[in-house]
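Q: Just so you know, the sequences run in chain order H and G. Just so we're aligned, residue 854 is where the first sequence starts under this note's numbering, counting upward by one. Just so we're aligned, residue 854 is where the second sequence starts under this note's numbering, counting upward by one. Can you keep this structure in mind? I'll have questions shortly.
There are 2 protein chains.
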Amino acid sequence: MKRSLLKLYYKNTTAEVIGEEHGITKEQFENLAKITSPVTDLLDAERQAGKTPYRQLPYKTENLKNIQNLAADLMNQGCENFVVLGIGGSALGNIALQTALNPYMYNLDSDQRKGPRLFVFDNVDPVQLSSFLDWCTPQLDKTIFNVISKSGRTAETASQLLIVRKLLTDKLGAEGFKNQVVATTDPEKGTLRAIANDAGLRCLQVPDGVGGRFSVLSDVGLLSAAICGIDIEELLAGARAMDSKVSEKDFYKNPAMINAAINFHYYNQGKKNSVMMPYNYALKDLSDWYRQLWAESLGKTKDLNGNDVFVGPTPIKALGTTDQHSQVQLYREGPNDKLFTFLQVENFENDLEIGPEPQCAPELGFLAGAKMSKLLNSEKKATEYALLHDKRPCLTVLFDEVNAHTIGQFIYLYEVTTSYAGALFNINTYDQPAVELGKEATFALMGKEGFEELAKKIGPVTKIDENYIV
Amino acid sequence: MKRSLLKLYYKNTTAEVIGEEHGITKEQFENLAKITSPVTDLLDAERQAGKTPYRQLPYKTENLKNIQNLAADLMNQGCENFVVLGIGGSALGNIALQTALNPYMYNLDSDQRKGPRLFVFDNVDPVQLSSFLDWCTPQLDKTIFNVISKSGRTAETASQLLIVRKLLTDKLGAEGFKNQVVATTDPEKGTLRAIANDAGLRCLQVPDGVGGRFSVLSDVGLLSAAICGIDIEELLAGARAMDSKVSEKDFYKNPAMINAAINFHYYNQGKKNSVMMPYNYALKDLSDWYRQLWAESLGKTKDLNGNDVFVGPTPIKALGTTDQHSQVQLYREGPNDKLFTFLQVENFENDLEIGPEPQCAPELGFLAGAKMSKLLNSEKKATEYALLHDKRPCLTVLFDEVNAHTIGQFIYLYEVTTSYAGALFNINTYDQPAVELGKEATFALMGKEGFEELAKKIGPVTKIDENYIV
C-alpha cells in the first residue's frame, strides 16, 4: 500500500486564475492566514482539554484487536450477511468506507468479496425493508444485525430493532436474538444498553463525547469495515498521518486550515453552496458522509456570543463524470454561488483499455487504445477548465490512490477542516440542537406519553387544508 | 392499480403559515397568477408548432408494442442481465423508474424479479466497470447491452461501447456483438447509427427534438423498464392523465403552473436552492432525474433577449428520513435560502408492524404495534412542522400510492413545470450550451484531431502548480 499523503490544490481559487471579482487575492490570503492561524491554538487547547475526543480516535489502536476478534467470531459463526441498523452518523461512514474500499460488485459476486454481504438500513421505509426481509428470512441464521445507536431511542433505529427482534425470536427463539444481533452503543447507560444487557448481546461502544458525524473511525464505523475485509489499521494509520499535517502551525502547510479558510471566505462572499465532486465512483459516498459532517456542524442559527447569524454552507453531492451531463450547465451558466471541490485520483487499482474503433466510425479513433483512467481524469480537467473559464472557484483534493490509508487521511482531513471552519464561523461545531424538535414531533405524532401538548400544536399545522390542493 | 391523480399541496408556502417575510401573500399569489397564466398559451403554441415534442411522447402508444416485442425477444434469447450504457438523460430516467417500481432487492433476489438484473453505467470509472465486467464476462451470452446515445459521440458512452464491442467480439465473435447489443439512437444519422447499421444491431430510436432530460417516456427509458417488468402502458397513461391537469388554464387548478410560479417566486426572493425530499425510498432516484431536468433546463446565463442573467435554482437531492439526521440541522438553522418539496405517499405496497418493546425498555412502547408506514409519514410531518417553525417554505407532492400510473404523472408534471419555469425566467429551457466546452476540452485532452489549439490553452490552466499544493 502506498503511503503518500493527500494533497490539497488551491491555485484555481486564486484571483490570478479567475480574477479579482471571484478569486482570492494575495492580500485576502494573507488576511485569511492571520485570522485562521490563531485557531490552531484554540483547537489544540480544546483537544488537550478533552473537548474534541474525535481527535484521539486514530490513536485507539488497542481497540482494533477487539473489533477484529469480534469480526472473526461472527465469520466463524457463519455470517454471510452483515446488516447495519443505524442512521446519520451510524450509517453514512459505514456506507462510505464500503463503497470506497470494496468492489462495486461486492454484494453480487462472491468471488469479489472476502467478507459477508453488507447492507445498511438508514431509513424506515416499509417497502424497502420488506423486500430485504423477504429475502433474508430463510437465512436468518447466517445474518448478523449490527444495531448502532448511542441512546437506542432514535425512532428509526429503535423501530428497526423491534422488528428484527420479533422476527429473530419468532424464527430462531430467544437465542436467535442473542446470537444474531450485535449492539454498538453507550458502554453504560441508555435504552439499547439495557436491551443488550438484558438479552446478553455482544457489544461494542459508541465513544463518549464524539458526535455521530465524527464517529466513523470508532467501533461505529470499524466493525462493518473489518468484517468486510477493509484494513482498519491502515485507516487509522492514515488518519494519524494526516493528524501531523493538520497540526502544522503554518497556514500554508496545513491543508485543513487553508481548506477551511477558503470555504469560509467564499461563504462570506456569497458563494454559500459547496459542491463536492469526486471523479471516482468509489469516492462518491464520501460526499454523503461529508454532507452530514458539514451541514450539521456548520448550520447554526446562533454564534458563540448568542447572536442570530443563520450561517451554514450548503454541501452538495455531485459525481464526475455523471453530473457533467446533469449539473455542469447550471454550474457554469447559473449564479456564481458555488465553491467546487474535486476529488481526483492519480493511480487506479484496475484499468481498462478502450477498444479499437469500427471502420465505419473513424471519428472515435481518438479514444481507441486509451486507458479509461486517462479519459476520466481528462474529463475532470476539462470540466475544471470549463468552470474556470466562467470564473467559478475550484479546489482539488489529490489522491495518489484510493486505499485504506488515503481514505483514513481524507476522513481526518475533513473532520479537522470542519473544526477550523466552525471556529471561523464562531459557532458550536459539535451540537445539533435543531434536530430535537423533529424528533419530539415524531414522538408526539406516534402518541408517546408526555408529548400530548406538542401533538395538539402539530395537528392543525400538518392537517391537509383542501383549499390549498391542486 | 389505483388511478387517482397526484396532488400538489402548497399551503405551507403561504404567508398565512410562515409569515410575510418568507411566505407568499394572497396579493403575491394573485400577481403570480397574472404573470403565469399567459404562459399556458405560449406553451400551447409551442406545442402546436412542434417545438416541444416531449409533450406528445405519452401519446405514442403505437410504439409500445415495438418495445414490448423487443423486450420479449431479448428474454427469449436468454437475457439475464440488462446493461444500460448511457449518461445524463440516457441513464437517470432508467434508474429512477427501476428504483421506483421494482423491489429493493431486485438484482439480488431472483424470486423478487420478473425480468433480468438491471445495471446502468453512467460513468467511465475503470475500477467500477472492471468489477462488473469481471463478474459478467463468463455470462456474456446472457447479457444484453443497451447503448443509448443520440449521436454516439458522447465520449463516455462511446468508450464504454468500444470496450464492450471488443470484449464481445473477442469472446463470442462478430455475431456476439450483433446479438448482445441493442442501440437506441438517431433513426438516420450519427456515429452510433452507422455502427448499428454496419453491425446489424437491433435498434430503437431517440426521438427527434427531445433533449435527453425530457426523453424518459420514449424508447430511451422504456426498454429497460419494459424488460424489467414495469407496466410502460400505465406510465404513459399516467402522463396523459397529468397532461389534462397541466393544460388547465386556471392558475389555481394547474399544478405545473402553480409549482413553477412558487419556485420562481422563491428564487427571486433569494431562496435559490430547491430541495426535493421524498419520504419514500422508492422515489429517491426521481430526485436525481429532477436534478438534471431542473439544472440543465433552468441554469442559463442569457435570457431570451440576450441579457446576462445568470439564473438557475440549484436542485438538491435529499431523502427522508435519512437526511433528517444529516441535513435538517442546516435546513432549520442555516440561511433561509431553500424551498422544500416533499414527496409523500399515502398507501404502501407492503408494510411492517413494529414489534413489541422488551420489558426492560418500556420507553419504546409508543412504537410497538405501529405500522412502519405510520412512522415514516409521522417523520415527514414532524420535519415539516419543524421547518415551518423556522419559517422555511414547504411544498408537498401527494402520491396516493407508488405505481406506474403515478410515476408517469410525476414525470410529466415536472417536465411541464420546467417548461413553465423556463418561460417565467424568460430563458431557453431546452438547450444546454455550457456542456459543449467541457466535451471539447475532453476531446482536446484525449488528442482528438482538430482540437490542438484548445489543447494548448488547457495545458497551462490545468497543469498542477507546485506552489499551490499543501
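Each residue gets a CB set at the ideal place from its N, CA and C atoms; glycine is no exception.
For R970 of chain G, which of helix, strand or coil comes out of DSSP?
A: If you number the second sequence from 1, residue 970 of chain G lands on position 117. Note: R970 of chain G maps to strand in three-state DSSP.
Q: Got a sec? Which residues, its chain only, sit under 6 Å from T878 of chain H by beta carbon, not counting five neighbours each side?
A: Translated into the one-based positions of the first sequence, residue 878 of chain H becomes position 25. Within the same chain, T878 of chain H has close Cβ partners A868.
Q: Under three-state DSSP, which class holds Y1184 of chain H?
A: Within the first sequence, numbered from 1, the residue matching residue 1184 of chain H stands at position 331. Correct three-state label for Y1184 of chain H: helix.
Q: Which residues of chain G have a Cβ atom closer than 7 Å to the Cβ of Q1180 of chain H, listed in chain order?
A: Taking the first sequence and counting its residues from 1, the one referred to as residue 1180 of chain H is at position 327. Simply R1144 and A1148.
Q: Quick check: K967 of chain H and G1082 of chain H, are their CB atoms within less than 9 Å of each other?
A: Looking up residue 967 of chain H in the first sequence gives position 114. Looking up residue 1082 of chain H in the first sequence gives position 229. Yes, Cβ-Cβ distance for K967 of chain H and G1082 of chain H is below 9 Å.
Q: With Y907 of chain H as the anchor, note down where its alpha helix (DSSP H) starts and where it stops.
A: By 1-based counting over the first sequence, the position of residue 907 of chain H is 54. In the DSSP assignment, Y907 of chain H falls outside any alpha helix (DSSP H) and carries neither an H nor an E.
Q: Cβ of K1292 of chain H less than 9 Å from any chain G Cβ?
A: Counted from its first residue, the first sequence places residue 1292 of chain H at position 439. Output row for K1292 of chain H: interface = yes.
Q: At 9 Å on the CB atoms, spell out the chain C contacts of Y862 of chain H, in chain order.
A: Absent from the structure: chain C. Protein chains present are H and G.
Q: Which two residues bound the contiguous alpha helix (DSSP H) that contains T914 of chain G?
A: Here the question's residue 914 of chain G lines up with position 61 in the second sequence. T914 of chain G -> no alpha helix (DSSP H), and no H or E assigned at all.
Q: Just curious, the alpha helix (DSSP H) that S890 of chain H is in, first and last residue?
A: The residue labelled residue 890 of chain H in the question sits at position 37 within the first sequence. Note, S890 of chain H: alpha helix (DSSP H), K879 to Q901.
Q: Have a look at the DSSP bridge pairing and note the partners of K860 of chain H.
A: Translated into the one-based positions of the first sequence, residue 860 of chain H becomes position 7. DSSP lists H:L1251 as partners of K860 of chain H.
Q: Can you tell me whether A902 of chain H is buried or exposed? The criterion is at least 16 other CB atoms within 10 Å of its CB, across all chains shown.
A: Within the first sequence, residue 902 of chain H is the residue found at index 49, counting from 1. Under this definition A902 of chain H is an exposed residue.
Q: Thinking just about the alpha-carbon of each residue, which of G:F985, G:G1043, G:Q1197 and G:Y1134 is nearest to the one in A949 of chain G?
A: Within the second sequence, numbered from 1, the residue matching residue 949 of chain G stands at position 96. Nearest option by C-alpha distance: G:Y1134.
Q: Could you tell me the alpha carbon to alpha carbon distance between W988 of chain H and V973 of chain H, rounded to whole angstroms?
A: Counted from its first residue, the first sequence places residue 988 of chain H at position 135. Counted from its first residue, the first sequence places residue 973 of chain H at position 120. Computed Cα separation, rounded: 15 Å.
Q: What is the DSSP secondary structure of L1192 of chain H, counted as helix, strand or coil?
A: By 1-based counting over the first sequence, the position of residue 1192 of chain H is 339. Looking at L1192 of chain H - three-state DSSP - the assignment turns out to be strand.
Q: Could you check if I1317 of chain G is buried or exposed, using at least 16 other CB atoms within 10 Å of its CB as the buried criterion?
A: Reading the second sequence from its first residue, position 464 is the one you call residue 1317 of chain G. Classification for I1317 of chain G: exposed.
Q: State yes or no: is the beta carbon of G1158 of chain G nearer than 9 Å to at least one beta carbon in chain H?
A: Here residue 1158 of chain G is taken as the residue at index 305 of the second sequence, counted from 1. The question names Gly, but residue 1158 of chain G is Asn in the sequence shown. No, its Cβ sits nowhere closer than 9 Å to a Cβ of chain H.
Q: Rounded to the nearest angstrom, how far is the Cβ of F1219 of chain G from that of E1306 of chain H, given a contact under 8 Å?
A: Within the second sequence, the letter at position 366 stands for residue 1219 of chain G. Within the first sequence, the letter at position 453 stands for residue 1306 of chain H. F1219 of chain G to E1306 of chain H, Cβ: 15 Å. No contact.
Q: For Q965 of chain H, which residues of its own chain have a beta-carbon under 7 Å away from its beta-carbon, when the five flanking residues on both sides are left out?
A: In the first sequence, counting from the first residue as 1, residue 965 of chain H sits at position 112. Excluding the 5 residues flanking it on each side, Q965 of chain H has same chain C-beta neighbours closer than 7 Å at P956, M958 and Y959, in chain order.
Q: CA-CA distance, Y1321 of chain G and F1195 of chain G?
A: Taking the second sequence and counting its residues from 1, the one referred to as residue 1321 of chain G is at position 468. Taking the second sequence and counting its residues from 1, the one referred to as residue 1195 of chain G is at position 342. Spanning the two alpha carbons is a distance of roughly 43 Å.
Q: Identify the continuous alpha helix (DSSP H) that holds L1225 of chain H and give its terminal residues.
A: Residue numbering aside, residue 1225 of chain H sits at position 372 when the first sequence is read from its first letter. What sits at residue 1225 of chain H in the sequence shown is Met, not Leu. Residues M1225 to H1242.
Q: What residue range does the beta strand (DSSP E) around Q1058 of chain G cover?
A: As a first step, residue 1058 of chain G must be located in the second sequence, where it is residue number 205. Note, Q1058 of chain G: beta strand (DSSP E), R1055 to Q1058.
Q: Is G1026 of chain G buried or exposed, if buried means 16 or more other CB atoms sit within 10 Å of its CB?
A: Working through the second sequence from its first residue, we reach residue 1026 of chain G at position 173. It is exposed - the Cβ of G1026 of chain G has fewer than 16 other Cβ atoms within 10 Å.
Q: With three or more beta-carbon pairs closer than 8 Å as the criterion, would you say the region 1224 to 1236 of chain G touches the region 1003 to 1013 of chain H?
A: yes
Q: Going along chain G, which residues have a C-beta under 7 Å from G1152 of chain H?
A: Here residue 1152 of chain H refers to the residue found at position 299 when the first sequence is read from its first residue. Within chain G, the residues near G1152 of chain H are Q1182, L1183, E1186 and G1187.
Q: Under three-state DSSP, which class holds D978 of chain H?
A: Counted from its first residue, the first sequence places residue 978 of chain H at position 125. Here D978 of chain H sits in coil by DSSP.
Q: Please go through the region 1112 to 1143 of chain H and give each complete beta strand (DSSP E) segment of 3 or more residues, from N-terminal end onward.
A: Runs found: 1126 to 1131.
Q: Return the bridge partner residues of Q1177 of chain H from the DSSP annotation.
A: Looking up residue 1177 of chain H in the first sequence gives position 324. Answer by DSSP bridge pairing: none, since Q1177 of chain H is not bridged.
Q: By Cβ distance, which residues of its chain are closer than 7 Å to Y1143 of chain G, with the 5 residues on each side in sequence left out?
A: Residue 1143 of chain G sits at position 290 when you count from the first residue of the second sequence. Cβ-Cβ distances below 7 Å link Y1143 of chain G to M1129, P1168 and Y1267 in the same chain, with the five nearest sequence neighbours on each side left out; the list follows chain order.
Q: How do the region 1190 to 1205 of chain H and the region 1259 to 1273 of chain G stand: do at least 3 beta-carbon pairs fall below 8 Å, yes or no?
A: no
Q: Assign A925 of chain G to buried or exposed, taking buried as 16 or more other Cβ atoms, counted over all protein chains shown, within 10 Å of its Cβ.
A: The residue you call residue 925 of chain G lines up with position 72 of the second sequence. The residue in question, A925 of chain G, is exposed, as its Cβ has fewer than 16 Cβ neighbours within 10 Å.
Q: Residues of chain G with CB closer than 9 Å to the CB of K1106 of chain H, please, in chain order.
A: Along the first sequence, read from residue 1 onward, the residue named residue 1106 of chain H stands at position 253. Against chain G, a Cβ distance below 9 Å from K1106 of chain H picks out V1323.
Q: Suppose the cutoff is 6 Å on Cβ atoms and the five residues either side in sequence are ignored; what does the same chain contact list for V892 of chain H look like?
A: The residue given as residue 892 of chain H occupies position 39 in the first sequence. Taken in chain order, the residues that qualify are Y1273 and A1276.
Q: Between which two residues does the beta strand (DSSP E) carrying T1154 of chain G extend?
A: Residue numbering aside, residue 1154 of chain G sits at position 301 when the second sequence is read from its first letter. Where T1154 of chain G is concerned, the enclosing beta strand (DSSP E) stretches over K1153 to K1155.
Q: For D962 of chain G, decide whether its Cβ has a neighbour in chain H, counting only Cβ atoms nearer than 9 Å.
A: For this step, residue 962 of chain G is matched to residue 109 along the second sequence. Yes, D962 of chain G counts as interfacial toward chain H.
Q: Assign K1098 of chain G to one of three DSSP states: helix, strand, or coil.
A: Position 245 of the second sequence, counted from the first residue, corresponds to residue 1098 of chain G. DSSP places K1098 of chain G in helix when its eight states are reduced to three.
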